[in-house]
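Engineer:
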Amino acid sequence: MKNIFVSFIYTILVRPWLTFIIGVSFHNIKPLKDANQFIIVANHNSHFDTVSIMAALPSNKRKNTCAVASGDYFGKSPFTVTLMKLFFNAILITKKTKPGHLSNLELLDQRIKEGKSLIMYPEGSRGNPGTISSFKKGIAKLLKENPSVPFIPVYLDGFGRVLPKNKILIVPLICKVRFGSPLFATTNDTKTTLEEVKKEILNLKQKNERDRNQFDFY
Amino acid sequence: MDIFGYYIPIELLFILCVIFGVLIICSSIFGFISLMNKSDSVSELVVRTNSWWKIAIGITVVATAPAIIGTIVLAYVVFVALREMLSIIPLRTADRIVLVASYFAIPIQFYLAYKNYYYLFQIFIPLVMFVCVSIILVLTGETNRIGRSMAIIPTILILTVYMPSHMVLLFHVNVPEFTVGAGGLIVFLIIITASNDIFQFTWGKLLGKRKILPKISPNKTWAGFIGGVITSSLLGIVLSFLTPLNYIESFYVGLSLGIIGFVGDSIISAVKRDLKIKDTDDLIPGHGGAMDRLDSIVLTTPAFYYLLIFFIEN
């Protein structure tokens, strides 16, 4: 029942609103249909990032996909926690974990072992629009622990202008969600894996810019 | 002629049949060629023709449906064009509130046009929105590069909202003994403008040598420009049955639209060269963004409207 309600909201409201009013376009979403379990790795500029990625997923994948979000930011009121859990299946992680509880990494690892897919922003915070800051190591460790799970690089373009950090006004402007193909980490070394992941996202960014900047003058 | 109890003038029906006939011929030829030879240029033509189908269906809706539906469709197209222009031009974070105000100008402008409040329609964007944009920018308090935003945002509003919104005024053109109605005028305007683009390109490819604006667009040649303008003028005479104009007036309208369409195309091209982008977006497969298609029609719409009014009144 809950799943039907959530996919209804996404298909009837969120997706048309994103495409027709805000101006989001989704690129290369085909590989998502074939992948069973994955970790989506994206750059992070706006609250719209998670909404758009979730809206891009096919509904049978969406119910199995959890967004990893900051418990320090979203965990303040029970209302936002309920909303986050309902629409994004959010896993809220906090900087300081309580003694006796699982650490953040163990928690995420456990979710992957349960068969869930994740959406992660290795930059940690939303940062400045248009820039990709340094990546945190967690994603590489998770990929090392679960070698059978591929990561899907995603480049999000323009969301930092639609709803930047610390702003509440939403401005419709063209943005793009560009998915890469599912890839497996090639080494066990976390540092190399992290660089690989970052390189894939930067490749997508380059591809995005190349598409617009080609001069063939027609 | 009545279709399902709905009245469509016979001239309009005829021209719509011609448009879809041409599209069917193009689609079958390109489809046939692409079966034989799978090269990129052929598949690009197929993609382009498929987009023309969607555009033609949109035009049919605007031209035949009641004025209110036509107005809403046009307002949405203008919204997409404005969104595209505001997205490609780098603006400051402090400008975001003005961007929202600019979006709200679209329903107001189209409402004024739909209700035919002529003077309010005339002043709303050049005067009211100009002042509103400036005062909102002043109130945000961010003075760094404020002049640039004050200049760019009203210009974009004039270009993408004020100018194309004249198309809605065509619904109010009333001439005794003219039975085709606003649908005919809109189809006339769109066919002349679109074919002007296509013929300027084609003549340029066939005969073009000397470039007319080498720094703006290497594809625009003198031969293309003159050939396109002559073709548009002749097409104006041929299509004069869609308008209340006689052959000579229709010829002048075709001639002016040919020249002005070229000007609109060049303006958007120059902006794109400045921003170092090829297309404004990838919304319409094979054509680029909405603004890549609307670049000439934004200028030809007011030109056509005022020429029409001038010829009707004199």
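Protein sequences appear in the order of chains A and B.
For the first sequence, the numbering used here assigns the number 3 to the initial residue and increments by one for each residue that follows.
For the second sequence, the numbering used here assigns the number 2 to the initial residue and increments by one for each residue that follows.
All residues carry an ideal CB built from backbone N, CA and C; glycine is no exception.
Note that the coordinates shown come from a computational prediction; the quantities given were computed from them, not determined experimentally.
Could you pull the start and end residues of the beta strand (DSSP E) that F33/B belongs to?
Structural biologist: If you number the second sequence from 1, residue 33/B lands on position 32. From DSSP, F33/B is part of no beta strand (DSSP E) but of the alpha helix (DSSP H) over I11 to M37.
Engineer: Whose Cβ in chain B lies nearer than 7 Å to the Cβ of G173/A?
Structural biologist: As a working mapping, residue 173/A is identified with position 171 in the first sequence. In the sequence as presented, Gly is not what sits at residue 173/A; that position holds Val. Result: R97, L100 and V101.
Engineer: Which residues does DSSP pair with H29/A in a beta bridge?
Structural biologist: Position 27 of the first sequence, counting from 1, holds the residue named residue 29/A. DSSP lists R180/A as partners of H29/A.
Engineer: Mind checking which residues open and close the alpha helix (DSSP H) that includes D41/B?
Structural biologist: Against the second sequence, residue 41/B aligns to sequence position 40. From DSSP, the alpha helix (DSSP H) with D41/B extends over D41 to T65.
Engineer: At which residues does the beta strand (DSSP E) containing F76/A begin and terminate?
Structural biologist: Within the first sequence, residue 76/A is the residue found at index 74, counting from 1. That residue, F76/A, is in no beta strand (DSSP E); its alpha helix (DSSP H) goes G73 to F76.
Engineer: Determine the closest residue to L144/A out of S79/A, F90/A, F50/A and T195/A, with distance taken between C-alpha atoms.
Structural biologist: Here the question's residue 144/A lines up with position 142 in the first sequence. Closest option to L144/A, Cα to Cα, is T195/A.
Engineer: Mapping the DSSP letters down to three states, classify M3/A as helix, strand or coil.
Structural biologist: Working through the first sequence from its first residue, we reach residue 3/A at position 1. Of the three classes helix, strand and coil, the one that applies to M3/A here is coil, per DSSP.
Engineer: Does the structure place the region 4 to 19 of chain A close enough to the region 114 to 129 of chain A that three or more beta carbon pairs sit under 8 Å?
Structural biologist: Touching, no.
Engineer: Can you give me, in chain order, the residues of the region 77 to 96 of chain B that have a beta carbon less than 7 Å from any beta carbon in chain A?
Structural biologist: From the region 77 to 96 of chain B, only R84, E85, L87, S88 and T94 have a Cβ closer than 7 Å to chain A.
Engineer: With a threshold of 8 Å, are at least 3 pairs of Cβ atoms found where one atom belongs to the region 139 to 148 of chain B and the other to the region 62 to 80 of chain B?
Structural biologist: Cβ pair count under 8 Å is below three, so no.
Engineer: Please confirm whether D41/B has its beta-carbon closer than 7 Å to some beta-carbon of chain A.
Structural biologist: By 1-based counting over the second sequence, the position of residue 41/B is 40. False, the Cβ-Cβ gap to chain A never drops below 7 Å.
Engineer: Can you tell which of E198/A, W19/A and P155/A has the C-alpha that lies nearest to the C-alpha of P33/A?
Structural biologist: As a working mapping, residue 33/A is identified with position 31 in the first sequence. That would be P155/A, whose Cα lies nearest to the Cα of P33/A.
Engineer: Might you give, ordered along the chain, the residues of its own chain that have their beta carbon closer than 7 Å to the beta carbon of Q39/A, omitting 5 neighbours on each side?
Structural biologist: For this step, residue 39/A is matched to residue 37 along the first sequence. Cβ within range, chain order: G117, S119 and V151.
Engineer: What is the rounded straight-line gap between the Cα of G205/B and the Cα of F226/B?
Structural biologist: As a first step, residue 205/B is located in the second sequence; it is residue number 204 there, counting from the start. As a first step, residue 226/B is located in the second sequence; it is residue number 225 there, counting from the start. Those two C-alpha atoms are separated by around 7 Å.
Engineer: Measure from the alpha carbon of L214/B to the alpha carbon of each residue in E314/B, V79/B, R274/B and S241/B, then state which is nearest.
Structural biologist: Counting from one through the second sequence, the residue named residue 214/B turns up at place 213. Selected option, being the one with the closest Cα: R274/B.
Engineer: Assign H46/A to buried or exposed, taking buried as 16 or more other Cβ atoms, counted over all protein chains shown, within 10 Å of its Cβ.
Structural biologist: Taking the first residue of the first sequence as 1, we reach residue 46/A at position 44. Counting Cβ neighbours within 10 Å, H46/A comes out buried, since at least 16 surround it.
Engineer: Can you have a look at Y306/B and say buried or exposed, based on whether 16 or more other CB atoms are within 10 angstroms of its CB?
Structural biologist: As a first step, residue 306/B must be located in the second sequence, where it is residue number 305. Y306/B should be labelled buried.
Engineer: Quick one: Cα of I114/A to Cα of S136/A, how far?
Structural biologist: Taking the first sequence and counting its residues from 1, one reaches residue 114/A at position 112. Taking the first sequence and counting its residues from 1, one reaches residue 136/A at position 134. About 24 Å.
Engineer: Buried or exposed, going by whether 16 or more other CB atoms sit within 10 Å of the CB of T133/A?
Structural biologist: Position 131 of the first sequence, counted from the first residue, corresponds to residue 133/A. So T133/A counts as exposed.
Engineer: Take E12/B and list the residues in its own chain whose beta-carbon comes closer than 7 Å to its own, dropping the five residues that flank it on each side.
Structural biologist: Against the second sequence, residue 12/B aligns to sequence position 11. So the qualifying residues of the chain are V181, G185, F242 and L243.
Engineer: At a CB-CB cut-off below 8 Å, which residues of chain B make contact with I31/A?
Structural biologist: Residue numbering aside, residue 31/A sits at position 29 when the first sequence is read from its first letter. The contacting residues do not exist; I31/A stays about 15 Å from chain B at best.
Engineer: Taking 7 Å as the threshold (C-beta atoms), are D51/A and L158/A in contact?
Structural biologist: As a working mapping, residue 158/A is identified with position 156 in the first sequence. As a working mapping, residue 51/A is identified with position 49 in the first sequence. Yes, Cβ-Cβ distance for L158/A and D51/A is below 7 Å.
Engineer: Decide if the region 90 to 103 of chain A is in contact with the region 62 to 69 of chain A; the criterion is three or more beta carbon pairs, one per stretch, under 8 Å apart.
Structural biologist: Segments in contact, yes.
Engineer: L171/A to L100/B, Cα distance in whole Å?
Structural biologist: Counting from one through the first sequence, the residue named residue 171/A turns up at place 169. Counting from one through the second sequence, the residue named residue 100/B turns up at place 99. Going by the C-alpha atoms only, they are around 11 Å apart.
Engineer: Put K63/A into one of helix, strand or coil per three-state DSSP.
Structural biologist: Walking along the first sequence from the start, residue 63/A turns up at place 61. Residue state, collapsed to three classes: helix.
Engineer: Assign N62/A to buried or exposed, taking buried as 16 or more other Cβ atoms, counted over all protein chains shown, within 10 Å of its Cβ.
Structural biologist: By one-based count along the first sequence, residue 62/A stands at place 60. Looking at its Cβ environment, which holds fewer than 16 other Cβ atoms inside 10 Å, N62/A is exposed.
Engineer: Grouping DSSP H, G and I as helix and E and B as strand, with all else coil, what is P91/B?
Structural biologist: The residue given as residue 91/B occupies position 90 in the second sequence. DSSP places P91/B in coil when its eight states are reduced to three.
Engineer: Determine the DSSP secondary structure at Y220/A, reduced to helix, strand or coil.
Structural biologist: On the first sequence, residue 220/A is found 218 positions in, with the first residue counted as 1. Only weak support exists for where Y220/A lies, its pLDDT of 32 falling under 50; the value from the coordinates is given anyway. If DSSP states are grouped into helix, strand and coil, Y220/A belongs with coil.
Engineer: Could you tell me the alpha carbon to alpha carbon distance between A66/B and D36/A, rounded to whole angstroms?
Structural biologist: Start at 1 with the first residue of the second sequence, and residue 66/B comes out as number 65. Start at 1 with the first residue of the first sequence, and residue 36/A comes out as number 34. Rounded to whole angstroms, A66/B to D36/A spans 43 Å at the Cα level.
Engineer: Within the same chain, show all residues whose beta-carbon is closer than 7 Å to that of G259/B, passing over the 5 residues directly before and after it, in chain order.
Structural biologist: Mapped onto the second sequence, residue 259/B falls at position 258. These residues qualify, in order along the chain: N197, G229, V230, S233 and S234.
Engineer: For I192/B and I154/B, I'd like the C-alpha separation in whole angstroms.
Structural biologist: Working through the second sequence from its first residue, we reach residue 192/B at position 191. Working through the second sequence from its first residue, we reach residue 154/B at position 153. In a straight line, the C-alpha of I192/B is about 30 Å away from that of I154/B.
Engineer: Do L308/B and I261/B have their C-beta atoms within less than 7 Å of each other?
Structural biologist: Translated into the one-based positions of the second sequence, residue 308/B becomes position 307. Translated into the one-based positions of the second sequence, residue 261/B becomes position 260. Contact: no.
Engineer: If we count the other Cβ atoms within 10 Å of its Cβ and call it buried at 16 or more, is K98/A buried or exposed?
Structural biologist: Position 96 of the first sequence holds residue 98/A. Counting Cβ neighbours within 10 Å, K98/A comes out exposed, since fewer than 16 surround it.
Engineer: When we look at the beta-carbon of C177/A and count the other beta-carbons within 10 Å, is it buried (16 or more) or exposed?
Structural biologist: Counted from its first residue, the first sequence places residue 177/A at position 175. Classification for C177/A: buried.
Engineer: Report the rounded CA-to-CA distance for V239/B versus P245/B, giving the unit in angstroms.
Structural biologist: Taking the first residue of the second sequence as position 1, residue 239/B is located at position 238. Taking the first residue of the second sequence as position 1, residue 245/B is located at position 244. Answer to the nearest angstrom: the Cα atoms are 13 Å apart.
Engineer: DSSP three-state call for D279/A: helix, strand or coil?
Structural biologist: No statement about residue 279/A is possible, as the shown extent of chain A runs from 3 to 220 and does not include it.
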